[in-house]
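A.B. asks: Chains as they are written, first to last, in our numbering: chain R, 13 to 222; chain B, 1458 to 1657; chain H, 219 to 438.
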Amino acid sequence: MGEIFRAEDVYVKRGENLVLKGFNLAVGEGEKLLLLGPNGSGKTTFFEVVVGFVKPERGRLLFMGKPVEAESDFRLLRRKVGYVFQDPESQILMPTVEEEIAFGLLNLGMPRSKIREEVEMVLSAFGISHLKRKFTHELSWGEKRLLSIASIAVMKPELFLLDEPFAGLDERGVRIVASFLKEYDKAVILASHTELNFFEDWDKFYLRAD
Amino acid sequence: MHISEGVLPVTTLALGWGATACGLYIGFRKLDYHRMPFVAFLSAVFFIGSFVHVPLGPTSVHLVLNGIVGMLLGWASFPAMFVALFIQALLFQFGGLLVLGVNTLNMAAPAVVVHYLFRDWLRSGDGVKFVLASVLGASGAVLMSAVMVGLELMSCGGEFRNAALLVFAAHIPVAVVEAVVAFFVFSFLRKSRPEVLKEL
Amino acid sequence: MSLDPRVRIIAFFLVAVSVALSRSFSAVLFFLPYLVFILFLERVKPSHFKKLIPANLFLVFIFLTVPLREALLIFVKCNLILSFLIVLVSTERFPVLIHALHHLKLPDKLVHLVFFTYRYVHIIDEEYRTFMKAAKARGFHPKTDRITYKTLSYILANLIVRSYEKSKWAYKSMVCRGFHGVFPLYYHFEMGFKDLCFLGFTFVYVGALWARYSGLKMFM
Ligand SMILES: Nc1ncnc2c1ncn2[C@@H]1O[C@H](COP(=O)(O)OP(=O)(O)O)[C@@H](O)[C@H]1O
Ligand SMILES: [Mg+2]
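#1: Looking at the structure shown, is H/Glu408 part of a helix, part of a strand, or coil, going by DSSP?
#2: R/Ala85 to B/Gly1531, Cα distance in whole Å?
#3: Can you check which of these residues, H/Arg311, H/Asn274, H/His317, is closest to H/Phe401 by C-alpha distance?
#4: Of all Cβ atoms in chain H, is any one closer than 9 Å to the Cβ of R/His142?
#5: How many angstroms separate the CA atom of R/Ile140 from the CA atom of R/Phe97?
#6: Using the Cα positions of H/Met436 and H/Leu239, report the straight-line distance between them to the nearest angstrom.
#7: Which residues end up in the neighbourhood of ligand 1 when you take C-beta atoms closer than 5 Å to any of its heavy atoms?
#8: So what's H/His320 in DSSP terms, helix, strand or just coil?
#9: For H/Pro313, which residues in chain R fall below 9 Å Cβ to Cβ?
#10: Nearer than 8 Å: is that true of the beta carbon of R/Ala203 relative to any heavy atom of ligand 2?
#11: Ligand 2 heavy atoms versus the CB of R/Glu170: any closer than 8 Å?
#12: Do R/Glu176 and ligand 2 come close, with the Cβ less than 8 Å from some heavy atom?
#13: Output needed for B/His1510: all residues of its chain with C-beta closer than 6 Å, excluding positions within five of it in sequence on either side, in chain order.
#14: Tell me whether H/Ser308 is buried or exposed, calling it buried when 16 or more other Cβ atoms sit within 10 Å of its Cβ.
#15: For a contact defined as C-beta to C-beta under 7 Å, what are the partners of H/Ile365 on chain B?
#16: Which residue marks the beginning of the alpha helix (DSSP H) containing R/Val62, and which one marks its end?
#17: Which residues mark the beginning and the end of the alpha helix (DSSP H) in which B/Arg1580 is found?
#18: Which chain H residues sit within Cβ distance under 7 Å of R/Leu120?
#19: Would the C-beta of B/Gln1550 count as close to ligand 2, meaning under 8 Å from any of its heavy atoms?
#20: Could you name the residues of the same chain whose beta carbon sits closer than 7 Å to that of R/Arg26, not counting the 5 residues immediately before and after it, in chain order?
#21: Is R/Lys67 buried or exposed, if buried means 16 or more other CB atoms sit within 10 Å of its CB?
#22: Taking 8 Å as the cut-off, is the C-beta of B/Gln1545 nearer than that to any heavy atom in ligand 2?
#23: Any idea if H/Val422 is buried or exposed, counting beta-carbon neighbours within 10 angstroms, 16 or more meaning buried?
#24: In terms of DSSP beta bridges, what is R/Ser204 paired with?
#25: Within the 9 Å Cβ cut-off, does H/Met438 reach chain B?
#26: Examine ligand 2 and report whether any of its heavy atoms sits within less than 8 Å of the Cβ of R/Gln103.
#27: Would you call R/Asn51 buried or exposed, if buried means 16 or more other Cβ atoms sit within 10 Å of its Cβ?
#28: Can you name the residues of chain R whose CB is closer than 8 Å to the CB of H/Trp387?
#29: Assuming R/Val93 and R/Glu170 are in contact, meaning their beta carbons sit under 8 Å apart, how far apart are those beta carbons, in whole angstroms?
#30: Quick check on the DSSP output: the alpha helix (DSSP H) that includes R/Leu181 runs from which residue to which?
#31: Please state whether DSSP places H/Ser447 in a helix, a strand or coil.
#32: Using 9 Å as the threshold, is the C-beta distance between R/Val31 and R/Gly14 below it?
#33: Please classify R/Lys156 as buried or exposed, where buried requires at least 16 neighbouring CB atoms within 10 angstroms.
#34: By how many angstroms is the C-alpha of H/Val284 removed from the C-alpha of H/Leu277?
#35: Within 10 angstroms of its Cβ, does B/Cys1479 collect 16 or more other Cβ (buried), or is it exposed?
#36: Roughly how many angstroms lie between the CA atoms of B/Val1638 and B/Leu1542, to the nearest whole one?
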């Protein structure tokens, strides 16, 4: 099995604090990983390092075997890595649900007729087909959360990063997202501050706060 | 204060559109995509400002914010305020689409002026300069807008002189309120989030 | 009736500019039948016309100071133009209108800024309400004093700080989803037979007015 992503001996500073100290992590193709740690332990920071928003002080990142350093490397990486933000409100860009889901696919240059199909498919996979024409500002918190996950899932990323995706979701929403992720055939890293009992068989990775 | 449709002569409307088009051209040329979400957010703050009622004696005034937001935006004031007024015109019929050029000019031109006059003082460590910049920038922009509205009304003909004076007088309490608000707003930003002011 | 939003916008500008150009009651009232005709087509709810009230507040200034005849003409023109805005444009869904502006060749950056701002107006509005509720829940009662001004200003300052922070994430969200300098738009329109009929009718109607007042004489 090939390796998708590896972080080697990464040190990251936020403000004055060293948040990640000698951090190591590797994900293989189709591998599922839980990133666990209390608030402030650096889960979000790690995701921001992966997609290149925060630059590490030291250490190395490898994506599909190649080192990622320059901004152009990160640009290529971001086409294959999907990142669901901790706050759905600041991830959602467009005024309506269907446009929000189409945004990434339009950027990737997919033809419109194909996009229409993909939008329908992901909406029904996440059980939000009825919201298609709704305004994003009219959605409930949980609906925004499902939308923010669906709008990344539709891009079928090779590596799927989710930052506390269950916060604010009801039971039905949790079930939908969990079963989607279990069946997702590519690599997933899911950050959470609580243990999640329905991912028994996933590898766990712990971050400590200090 | 937005001028309504049907009031101004067509030449004034056209001149307003011309000047606003120039402002928009400069504003958009200077506006990179990475700054666009911030400009859009401040445009939204400017928009909501017209719904914030500040009590003043027995009545209340609503905020104009073209100085306060404008000092943070500079030339981006034209795009930001144009878009806010455009959405207000469509959703609430405030102002209107034909007077949109004039109304944008009235809000954004003073904003650009106070931005360049006061931004250095606003960022400076000198407390006196900082307070002067907040107070004069905010109230100055409101008063400049009032003068422009007055002049535009005068372009309808001599019988509009009293209307112009009345509109100007109505802006004086607003300018005072904005000065006080600006003092508190910028003090807050300077203390707790100085990076917002640093990026001017 | 479902009209192409581009047709709505063009028709609006045709009639609105004509009304704005008119300097006599007879020229302005010439458009009343056109308004009635669209009202008949569109079945606009009467409640939409409540939005005319704020515009007329400005006109109070005019009525107080300007000769009555002049003020009345302004009153009729203002309300007529805004009624056209309501029945032709504002009845359409807002995102659809923005797409129409794009297809009418307005500059891209302008269209995108409208997109963002429209969404953020709702976010800021909700935050403002939440802050006000939080303040009131802790005994804030607005009146003309220092604490009121300070509270309202700090709420405003907080809105600016939130804007600053959220805008950073919004740009990240664009970048994460493949944004590369071209902002994509999703809806496309096709002009149909009834759109062309409606546009043709509007042209003829406006043309008739211009002919009747022999073109530029209307300015006088
Ligand atoms: N923009 C920032 N500037 C300074 N410090 C930050 C910033 N973002 C996060 N931090 C700090 O970095 C640490 C890790 O934060 P974060 O990655 O958000 O943790 P988590 O997602 O696990 O809750 C925290 O102590 C936080 O205060
Ligand atoms: Mg986090």
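We put the CB at the ideal spot given by N, CA and C, even for glycine. Note that the structure is predicted; figures quoted are calculated from it, not measured.
C.D. replies: Taking the coordinates as given:
#1: Taking the first residue of the third sequence as 1, we reach residue 408 of chain H at position 190. Residue state, collapsed to three classes: coil.
#2: On the first sequence, residue 85 of chain R is found 73 positions in, with the first residue counted as 1. On the second sequence, residue 1531 of chain B is found 74 positions in, with the first residue counted as 1. Per the sequence shown, residue 85 of chain R should be read as Asp rather than Ala. When only Cα atoms are considered, R/Asp85 and B/Gly1531 end up about 34 Å apart.
#3: Here residue 401 of chain H refers to the residue found at position 183 when the third sequence is read from its first residue. Among H/Arg311, H/Asn274, H/His317, the Cα nearest to that of H/Phe401 belongs to H/His317.
#4: Here the question's residue 142 of chain R lines up with position 130 in the first sequence. Not flagged as an interface residue toward chain H: R/His142, since no C-beta distance is shorter than 9 Å.
#5: One-based indexing of the first sequence puts residue 140 of chain R at position 128. One-based indexing of the first sequence puts residue 97 of chain R at position 85. Looking at the two C-alpha atoms, the distance is approximately 19 Å.
#6: In the third sequence, residue 436 of chain H corresponds to position 218, counting from 1. In the third sequence, residue 239 of chain H corresponds to position 21, counting from 1. Unreliable positioning characterises H/Met436 in this predicted model, as indicated by a pLDDT of 49, which lies under 50. The coordinate reading is nonetheless provided below. H/Met436 and H/Leu239: Cα-Cα distance of roughly 7 Å.
#7: Per the CB criterion, closer than 5 Å to any heavy atom of ligand 1, the qualifying residues run in chain order as R/Arg26, R/Gly27, R/Val31, R/Asn51, R/Gly52, R/Ser53, R/Gly54, R/Lys55, R/Thr56, R/Thr57.
#8: As a position in the third sequence, residue 320 of chain H is number 102, starting the count at 1. Per DSSP, reduced to three states, the secondary structure at H/His320 is helical.
#9: Reading the third sequence from its first residue, position 95 is the one you call residue 313 of chain H. Contacts between H/Pro313 and chain R, judged by CB atoms closer than 9 Å, involve Met106, Pro107, Thr108, Glu111, Phe147 in chain order.
#10: Start at 1 with the first residue of the first sequence, and residue 203 of chain R comes out as number 191. Flag set: Cβ of R/Ala203 near ligand 2.
#11: Taking the first residue of the first sequence as 1, we reach residue 170 of chain R at position 158. For ligand 2, not one heavy atom lies less than 8 Å from the Cβ of R/Glu170.
#12: Position 164 of the first sequence, counted from the start, is the residue given in the question as residue 176 of chain R. Under cutoff, so the answer is yes.
#13: Counting from one through the second sequence, the residue named residue 1510 of chain B turns up at place 53. Non-local beta-carbon contacts of B/His1510 in its own chain, meaning distances under 6 Å to residues more than five positions away in sequence, involve Ser1517, His1519 in chain order.
#14: Here residue 308 of chain H corresponds to residue number 90 of the third sequence, with the count starting at 1. Sixteen is the threshold: when 16 or more other Cβ atoms of the shown chains lie within 10 Å of the Cβ of H/Ser308, as they do, the residue is buried.
#15: Translated into positions along the third sequence, residue 365 of chain H becomes position 147. Near H/Ile365 there are no residues of chain B at all, since even the closest Cβ is about 11 Å away, more than 7 Å.
#16: Looking up residue 62 of chain R in the first sequence gives position 50. 55-62 is the extent of the alpha helix (DSSP H) around R/Val62.
#17: Position 123 of the second sequence, counted from the first residue, corresponds to residue 1580 of chain B. First-last of the alpha helix (DSSP H) with B/Arg1580: 1557-1580.
#18: Your numbering for residue 120 of chain R matches position 108 in the first sequence. Within chain H, the residues placing a beta-carbon under 7 Å from that of R/Leu120 are Gly396, ordered along the chain.
#19: Here residue 1550 of chain B is taken as the residue at index 93 of the second sequence, counted from 1. Not a single heavy atom of ligand 2 lies less than 8 Å from the C-beta of B/Gln1550.
#20: To locate residue 26 of chain R, count along the first sequence from 1; it is residue 14. Taken in chain order, the residues that qualify are Thr57.
#21: In the first sequence, the residue the question calls residue 67 of chain R occupies position 55. With fewer than 16 other beta carbons inside 10 angstroms of its own, R/Lys67 counts as exposed.
#22: On the second sequence, position 88 is the one that residue 1545 of chain B refers to. Taking the Cβ of B/Gln1545 as the reference point, every heavy atom of ligand 2 lies at 8 Å or farther away.
#23: Counting from one through the third sequence, the residue named residue 422 of chain H turns up at place 204. Classification for H/Val422: exposed.
#24: The residue given as residue 204 of chain R occupies position 192 in the first sequence. According to DSSP, which records beta bridges pairwise, R/Ser204 is partnered with R/Leu48.
#25: Position 220 of the third sequence, counting from 1, holds the residue named residue 438 of chain H. Only weak support is given to the placement of H/Met438: the predicted model assigns it a pLDDT of 43, under 50, and the question is left unresolved by the model.
#26: If you number the first sequence from 1, residue 103 of chain R lands on position 91. Relative to ligand 2, R/Gln103 has its C-beta separated by 8 Å or more from all heavy atoms.
#27: Position 39 of the first sequence, counted from the start, is the residue given in the question as residue 51 of chain R. R/Asn51 is exposed by the Cβ-count criterion.
#28: The count along the third sequence starts at 1 and reaches residue 387 of chain H at position 169. Those are Phe97, Asp99, Ser102, Gln103, listed as they occur along chain R.
#29: Counting from 1 along the first sequence, the entry for residue 93 of chain R is found at position 81. Counting from 1 along the first sequence, the entry for residue 170 of chain R is found at position 158. Right, the Cβ-Cβ distance comes to about 7 Å (below 8 Å), so this counts as a contact.
#30: As a position in the first sequence, residue 181 of chain R is number 169, starting the count at 1. For R/Leu181, there is no enclosing alpha helix (DSSP H), as DSSP marks it with neither H nor E.
#31: The structure shown does not extend to residue 447 of chain H, since chain H is modelled only from 219 through 438, so no value can be given for it.
#32: For the purposes of this step, residue 31 of chain R is identified with residue 19 of the first sequence, where counting begins at 1. For the purposes of this step, residue 14 of chain R is identified with residue 2 of the first sequence, where counting begins at 1. In this structure, R/Gly14 does not lie closer than 9 Å to R/Val31 by Cβ.
#33: Walking along the first sequence from the start, residue 156 of chain R turns up at place 144. Around the C-beta of R/Lys156, 16 or more other C-beta atoms lie within 10 Å, and the residue is accordingly described as buried.
#34: Here the question's residue 277 of chain H lines up with position 59 in the third sequence. Here the question's residue 284 of chain H lines up with position 66 in the third sequence. Between the alpha carbons of H/Leu277 and H/Val284 lies a gap of roughly 10 Å.
#35: Here residue 1479 of chain B corresponds to residue number 22 of the second sequence, with the count starting at 1. Classification of B/Cys1479: exposed, given that the 10 Å Cβ count is below 16.
#36: Residue numbering aside, residue 1638 of chain B sits at position 181 when the second sequence is read from its first letter. Residue numbering aside, residue 1542 of chain B sits at position 85 when the second sequence is read from its first letter. B/Val1638 and B/Leu1542: Cα-Cα distance of roughly 22 Å.
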